[in-house]
Structures are given as C-alpha cells and as structure tokens.
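Note that the sequence shown covers residues 5 to 156 in the working numbering.
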Amino acid sequence: MILLCCILIITGIFFADLRIKNAVERMDTDDLHRKKKWKNRILIRKYHNKGAMLNLGQNRSRAVAALSVLLCILITMLFLVSLGRRGNHLLRIGLSVLLGGAFSNTYDRLKRKYVVDYFSFNVAWEPLRWIIFNISDFCIMIGAVLAVLGSP
Numbered sequence: 005m006i007l008l009c010c011i012l013i014i015t016g017i018f019f020a021d022l023r024i025k026n027a028v029e030r031m032d033t034d035d036l037h038r039k040k041k042w043k044n045r046i047l048i049r050k051y052h053n054k055g056a057m058l059n060l061g062q063n064r065s066r067a068v069a070a071l072s073v074l075l076c077i078l079i080t081m082l083f084l085v086s087l088g089r090r091g092n093h094l095l096r097i098g099l100s101v102l103l104g105g106a107f108s109n110t111y112d113r114l115k116r117k118y119v120v121d122y123f124s125f126n127v128a129w130e131p132l133r134w135i136i137f138n139i140s141d142f143c144i145m146i147g148a149v150l151a152v153l154g155s156p
C-alpha cells in the first residue's frame with residue numbers, strides 16, 4: 005500500500021508540475037507580467053533557469069544536467085533500499101516528494117535544456133522577490149526535510 009502511495013506522489017508531482025510548466029511556456033510574456041495570485045502575494049513569471057538553484061552553474065548546463073541525473077539515480081536507489089525495511093514511512097514519503105520534484109526538474113534539463121521556473125513571492129525584501137521558483141523546487145526542499153526527519 006505504501007509503495008502505491010509513493011508512486012502516486014512521485015507521478016502526481018511530476019505530471020502536475022510538467023502541466024504547469026507547459027502552460028507557462030505557452031503564455032505570452034507580456035500577459036505574465038500582469039498575473040498576480042493570492043491577493044498579489046504570488047507573481048506568475050516565466051524564467052528559463054539554465055543552471056541549478058539560483059542559476060548556479062548556468063554556464064555549465066551539461067554538467068548541471070549530469071549531476072541532476074546522478075543525484076536522481078542515487079536517491080532512487082536509496083528509495084528502493086528503503087522499501088525493503090519495515091517502518092520508515094516518513095522517509096519513503098519524503099523521498100517520494102523529493103523524487104517527484106527532482107524528476108520534473110531533471111526532465112526539463114534533459115528535454116528543454118533549462119528548467120522552467122514560474123512564480124515568485126511579492127514581498128518587500130527585494131532579493132527574495134526576484135527569486136523565481138517552481139513547484140518542484142518546493143517538493144525537493146520539503147521532501148529532503150521529511151526524509152531527514154524520517155531517517156532511522
């Protein structure tokens with residue numbers, strides 16, 4: 005039962021984020037600048053991130069993609085090993101959330117050659133306002149926290 009739940013989490017995150025990314029890619033850039041959600045707290049934007057987090061390694065996108073694939077393989081192996089142990093549900097759920105986000109961003113890196121980021125927070129602190137995220141970014145962060153909390 006937990007395996008089915010984990011597979012649903014991974015595929016749900018992957019396909020939901022892919023659908024949003026595809027919709028953002030089709031949107032006119034001028035129209036995006038006027039999009040605001042949740043009482044102007046969320047800004048909808050389109051950004052092509054050719055690097056890793058905060059565009060680190062943007063000039064080495066092939067290396068970032070290779071590292072992304074390697075990390076997906078390692079985390080998938082850890083997930084599979086966790087299936088052979090009793091308990092550890094929080095670890096498995098965390099790894100599932102993390103993998104859903106990681107697979108989505110890695111897919112972008114391999115298919116599009118960049119990751120589509122599409123929203124930011126409309127806050128007073130300017131540096132945070134200009135960081136653009138996608139759902140997968142949050143899934144990776146939340147999944148990593150859950151996996152650490154669920155580790156034996």
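Just so you know, even glycine gets a beta-carbon here, dropped at the ideal spot from N, CA and C.
Using a Cβ-Cβ cutoff of less than 6 Å, which residues in the same chain neighbour residue i once the five nearest sequence positions on both sides are dropped?
i: S100; result: C10, I13, I14
i: D141; result: none
i: V85; result: none
Rounded to whole angstroms, how far is the Cβ of residue i from the Cβ of residue j, which I believe are closer than 8 Å?
i: C76; j: F107; result: 6 Å
i: K117; j: S155; result: 34 Å between Cβ atoms; not a contact.
i: N44; j: V119; result: So it is not a contact: roughly 25 Å between Cβ atoms.
i: I6; j: R90; result: That pair is no contact at about 11 Å.
Residues bridged to residue i by DSSP?
i: F137; result: F123
i: H52; result: V120
Within its chain, find whatever has a CB closer than 7 Å to the CB of residue i; leave out the 5 residues flanking it on each side and keep chain order.
i: T110; result: S72, V73, C76
i: L82; result: L99
i: Q62; result: K54, G55
i: V127; result: R133
i: D121; result: Y51, N53, I136, F137, N138
i: L114; result: A69
i: I125; result: The displayed chain sequence assigns Phe, not Ile, to residue 125. Excluding positions up to five away in sequence, the list reads R45, I46, L132, R133.
i: F18; result: G104, F107, S108
Would you mind stating whether residue i and residue j have Cβ atoms separated by less than 9 Å?
i: V28; j: I48; result: yes
i: K50; j: D112; result: no
i: L102; j: A151; result: yes
i: G98; j: I146; result: yes
i: L60; j: V68; result: yes
i: C143; j: D32; result: no
Just to confirm my understanding: we take residue i, look at its own chain, exclude 5 residues before and 5 after, and list those with CB closer than 8 Å. What are they?
i: G16; result: G104
i: A148; result: G98, L102
i: H93; result: I6, G154
i: G88; result: none
Please find out if some non-hydrogen atom of the ligand ADP comes closer than 8 Å to the beta-carbon of residue i.
i: A27; result: Here there are no bound small molecules, and the ligand ADP is not part of this structure.
**Item:** Complete runs of the beta strand (DSSP E) confined to the stretch 66-125 [at least 3 residues]
**Value:** Here the runs fully enclosed are 119-125.
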